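Inspection log for the structure reproduced underneath, given as structure tokens.
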Amino acid sequence: QPMYGCELDEDGSTRGHYQYGYDGMDFLSFDKNTLTFTAAVPQAVLSKNKKETNGDSNYWKGYLENECIEWLK
């Protein structure tokens, strides 16, 4: 159950988030400033490691800071 989005404030500042839930509980979250995923439960560590090594970090940073913001303009 992915949940992601971005915000564009009147002053031009932006924010973005990406998180993933499983069975109604937090599973993974992404920090676009550090390009890291945080595993909310031990079962998410494998997914965290995979996402950090397969390019997902750069994809989500780019999406949240660029493409997502463009949709709001």
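1 is the number of the first residue of the sequence shown in UniProt numbering; add one for each residue after it. All C-beta atoms, glycine included, are put in the ideal place defined by N, C-alpha and C. Predicted, not measured: the structure shown is a model, and the values here were computed from it.
Cutoff 7 Å; reference residue i; Cβ partners in own chain excluding five residues on either side
{"i": "Ser-47", "result": "Leu-28"}
{"i": "Arg-15", "result": "Cys-6, Glu-7"}
Secondary structure of residue i, DSSP reduced to three states
{"i": "Ala-39", "result": "strand"}
{"i": "Glu-7", "result": "strand"}
{"i": "Ser-57", "result": "helix"}
{"i": "Gly-62", "result": "helix"}
Chain-order list of residues whose beta-carbon lies under 6 Å from that of residue i (same chain, five-residue window excluded)
{"i": "Asp-26", "result": "Ala-40"}
{"i": "Gln-1", "result": "Gly-21"}
{"i": "Asp-9", "result": "none"}
Sub-8 Å separation of residue i and residue j beta-carbons
{"i": "Glu-52", "j": "Thr-36", "result": "yes"}
Burial state of residue i (16 or more Cβ within 10 Å)
{"i": "Lys-32", "result": "buried"}
{"i": "Trp-60", "result": "buried"}
Cβ distance (whole Å) where residue i is taken to contact residue j below 8 Å
{"i": "Gly-24", "j": "Met-3", "result": "In fact, because the Cβ distance is near 12 Å, the residues do not count as touching under 8 Å."}
{"i": "Gln-19", "j": "Phe-30", "result": "7 Å"}
8 Å Cβ shell around residue i - same chain, five flanking residues per side excluded
{"i": "Asn-58", "result": "Leu-35"}
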